[in-house]
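A.B. asks: Attaching a single structure in structure tokens format; questions to follow.
There are 2 protein chains.
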Amino acid sequence: MHVLITGAAGMLGRKLTRRLVDVGTLRGSPIDRMDLIDIVETPTEDSICFACVADLCEPGVAEDLLKPVPDVVFHLAGVVSGEAEANFDKGVAVNIDGTRALFDALRFAEGIPRVVFTSSIAVFGAPLPDPIPDDFHLTPLTSYGTQKMVAEALLADYSRRGFFDGIGIRLPTISVRPGSPNAAASGFFSDIIREPLAGAPAVLPVSREVRHSHASPRTAVGYMVHAAELDGAIVGARRNLTMPGVSVTVGEQIEALARVAGPDAMALITESPDPTIGKIVAGWPERFDTRRALNLGFVPDRSYDDIIRAYIEDDLAPV
Amino acid sequence: MHVLITGAAGMLGRKLTRRLVDVGTLRGSPIDRMDLIDIVETPTEDSICFACVADLCEPGVAEDLLKPVPDVVFHLAGVVSGEAEANFDKGVAVNIDGTRALFDALRFAEGIPRVVFTSSIAVFGAPLPDPIPDDFHLTPLTSYGTQKMVAEALLADYSRRGFFDGIGIRLPTISVRPGSPNAAASGFFSDIIREPLAGAPAVLPVSREVRHSHASPRTAVGYMVHAAELDGAIVGARRNLTMPGVSVTVGEQIEALARVAGPDAMALITESPDPTIGKIVAGWPERFDTRRALNLGFVPDRSYDDIIRAYIEDDLAPV
């Protein structure tokens, strides 16, 4: 089993790598090689992992990466929402053209590898029903969401034509994100948990009534692995799936923080409404009915309390 | 009022040109110039029309076409369904990259022109509800439908960002198509009416129970003009609209033919099932609930009898 991960140096890429190394198998076969691709250095010490600094947007790079052709490709590389909105050309170049370069290289490579593509619930924008059903149309209100929608469409068609065997998974907002904030406008959803847990203050830029859908990094990695192992025949022609999330208000997030870490943590959060962030967030989806993914065996977090505990176990405790 | 039409030499392009020349105004202003663009010669004798052979896929062509910048662009150019399925690279090059070249040129052009883009109900593929609501997700089962979906997504985002002011209209199958068949797999829907009306035999490759949604070329041109004149503020962020069609079975089409042209015409149709066409058609949508378009003032044909009469008046009688 030969695995390739793009965007391997990112938070989810590193967690996915660690999970695969720990488990040691994928699709029932021992993993004997993992290629870790990113535009920055991916630190790795494991003997089956080969890190490579490469940019899919450069001509010929995607073709080179597929020698030999992996059995499973996790395509995580991408420009995040805030950056894709601020730098339109970069977002298009990476999220559309870089993805196309990879897809086209796979088209001409030997075999029909499974491709797991991480899309996003940013393909949905308000007004939205509550909950959003699996067959609701894609209505992105950001360039990031648009670019993910385009990649989803291509993934489905390339899979239909047998160029590769793709599964797109629309991840909810990932929280609690470890480390420093990235350029995503959704950063505060994690900041208000992570910073108080470290004894640091956090700013809440939106109302406590804001409702949103979350998955822990641990669960998101579980979704990726499950997507790699799914039987494509059961999935059928509709290759892009909305992943389950825990739908909570910001207020409920904070209550969960108080339950897990005590009232002192909660007191470190200061409300300071930011109309710009508030407007962006108002266009985001709140809750999904993801029965397709659930029927296909994707296993969500059980509660926001569990999401906080997963962060403490996976990211805070080891430090 | 300066208008530009891509794909102007095609059947709908020529009919749109004639309509605009006859009406003489668009968005309340007299039309003083029409640029007719196609990869083949566009015959024109009208003094306000300037035909130009140009391929949007070639570098710099789109930029050149926008000097000066038109007030309204009708983007009809595209590779049709059968060809896009048979020649994947050509479909992508024309339907995605050619469209992107035009959109990107518009992005950097002065002003914010209205862009009317002709999409297709091929963005929908089975299994589908009956009727298909306006908020049903796009599920193309062809590369053509996928490419239209991608162009729709870009049109909405480019419009949201203010690069231009786009409206995408998903046309139902156009019947009765005059002239010779094109490479579209849907050709028989027109053949079985047009050929008998000319006293010629026609082959029906699918069952009479097959249900499909139709618009006459006259009505499709009306949709385009109405899309050019719509108030974008009323349309909102969701820039792609399914156009109303007359939903009939093939059997009902044939009954309409008998009513309009007599039983002799009907007798010229021979049933000869073609499993390949039958399989393609089985994935197509049958009926839509297009209340958004109807509320926005798009006016459909009233019946399939009217569609046949429009063909006789517009295409058969003048010959």
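These protein sequence lines map, in sequence, to chains A and B.
Residue 1008 in this note's numbering sits at position 44 of the first sequence; the count goes up by one each step and never skips.
Residue 1276 in this note's numbering sits at position 312 of the second sequence; the count goes up by one each step and never skips.
The beta-carbon is built from N, C-alpha and C at its ideal position, and this holds for glycine as well.
Since the structure is predicted, the reported quantities are computational estimates derived from the model, not experimental observations.
1) So, does the CB of residue 1104 of chain B fall closer than 9 Å to a CB anywhere in chain A?
2) So residue 967 of chain A is in the beta strand (DSSP E); what residue range does that whole segment cover?
3) Do you know offhand how far residue 997 of chain A's Cα is from residue 1014 of chain A's?
4) Output yes or no for whether 9 Å exceeds the beta carbon distance between residue 1188 of chain A and residue 1264 of chain A.
5) Which of the three DSSP states, helix, strand or coil, is assigned to residue 1102 of chain A?
6) Under 9 Å between the Cβ atoms of residue 1040 of chain B and residue 976 of chain B?
7) CB-CB under 7 Å to residue 1271 of chain A, same chain, minus the five flanking residues each way: which ones, in chain order?
8) Just the Cα atoms here: how many angstroms apart are residue 999 of chain A and residue 1016 of chain A?
9) Does any C-beta atom of chain A lie closer than 9 Å to the C-beta of residue 1052 of chain B?
10) Can you confirm whether the segment 1084 to 1103 of chain A touches the segment 1152 to 1170 of chain A when touching is taken to mean that 3 or more C-beta pairs between the two stretches lie within less than 8 Å?
11) Any idea what DSSP makes of residue 1052 of chain B, helix, strand or coil?
12) Taking 9 Å as the threshold (beta carbon to beta carbon), is residue 1199 of chain A in contact with chain B?
13) Which residue spans inside the segment 1200 to 1275 of chain B form an unbroken beta strand (DSSP E) run of at least 3?
14) Is the Cβ of residue 1039 of chain B closer than 9 Å to any Cβ of chain A?
15) Quick one: Cα of residue 1162 of chain B to Cα of residue 1228 of chain B, how far?
16) Between the alpha carbons of residue 982 of chain B and residue 1249 of chain B, how many angstroms are there, rounded?
17) Strictly below 8 Å CB to CB, what residues from chain A border residue 1110 of chain B?
18) Does the beta-carbon of residue 1164 of chain A have 16 or more other beta-carbons within 10 angstroms, so that it is buried, or is it exposed?
19) In terms of alpha-carbon separation, which member of B/1096, B/1119, B/1084 and B/1123 lies closest to residue 1106 of chain B?
20) Does the pairing of the segment 1057 to 1067 of chain A with the segment 1017 to 1024 of chain A give three or more beta-carbon distances under 8 Å?
21) Determine contact between the segment 1120 to 1136 of chain A and the segment 1184 to 1201 of chain A, defined as no fewer than three beta-carbon pairs at a distance below 8 Å.
22) Below 9 Å on C-beta distance, what does residue 1107 of chain B contact in chain A?
23) Sorted by chain position, which residues of the same chain lie with C-beta nearer than 7 Å to residue 1302 of chain A's C-beta, five sequence neighbours on each side aside?
24) Of all the CB atoms in chain B, is at least one closer than 9 Å to the CB of residue 975 of chain A?
25) Should residue 1236 of chain B and residue 1169 of chain B be called a contact, given that it needs their Cβ atoms to be closer than 9 Å?
26) Measure the C-alpha to C-alpha separation of residue 1214 of chain A and residue 1268 of chain A and round it to an integer number of angstroms.
27) Less than 9 Å between CB atoms is the rule here; does residue 1323 of chain B satisfy it with respect to chain A?
28) Since residue 1113 of chain A meets chain B, which of its residues come closer than 7 Å, beta carbon to beta carbon?
29) What is the DSSP secondary structure of residue 1283 of chain B, reduced to helix, strand or coil?
30) Can you confirm whether residue 1264 of chain B, when its beta carbon is compared against all beta carbons of chain A, has any partner nearer than 9 Å?
31) By the criterion of Cβ-Cβ separation under 8 Å, what are the contact partners of residue 1129 of chain B in chain A?
32) Can you tell me the Cβ-Cβ gap for residue 1034 of chain B and residue 967 of chain B, rounded? I've got them flagged as a contact below 8 Å.
33) Quick one: using the 10 Å Cβ neighbour count with 16 as the cut-off for buried, is residue 1072 of chain A buried or exposed?
34) Identify whether residue 1293 of chain A lies in helix, strand or coil by the three-state DSSP scheme.
35) Would you say residue 1215 of chain A reaches chain B, if we count a Cβ-Cβ gap shorter than 9 Å as a contact?
36) Using the three-state DSSP reduction, which class does residue 1166 of chain A fall into: helix, strand or coil?
C.D. replies: Put simply:
1) yes
2) 966 to 970
3) 8 Å
4) no
5) coil
6) yes
7) 1139, 1140, 1178, 1180, 1210 and 1265
8) 7 Å
9) yes
10) no
11) helix
12) no
13) 1204 to 1206, 1210 to 1213 and 1233 to 1235
14) no
15) 11 Å
16) 30 Å
17) 1117, 1118, 1120 and 1121
18) exposed
19) B/1084
20) yes
21) yes
22) 1121, 1124 and 1125
23) Outside the displayed range of chain A (965 to 1283) lies residue 1302 of chain A, so it cannot be described from this structure.
24) no
25) yes
26) 11 Å
27) A question about residue 1323 of chain B goes unanswered here, because the residues of chain B that appear run from 965 up to 1283.
28) 1117
29) Confidence is the limiting factor: at residue 1283 of chain B the pLDDT is only 49, short of 50, which leaves the residue's position unreliable, though a coordinate-based value still follows. Residue 1283 of chain B falls in the coil class under three-state DSSP.
30) no
31) Result: empty, since nearest Cβ-Cβ is about 17 Å, beyond 8 Å.
32) 6 Å
33) exposed
34) This structure does not reach residue 1293 of chain A, given that chain A is present from 965 up to 1283, and the question cannot be answered.
35) no
36) strand
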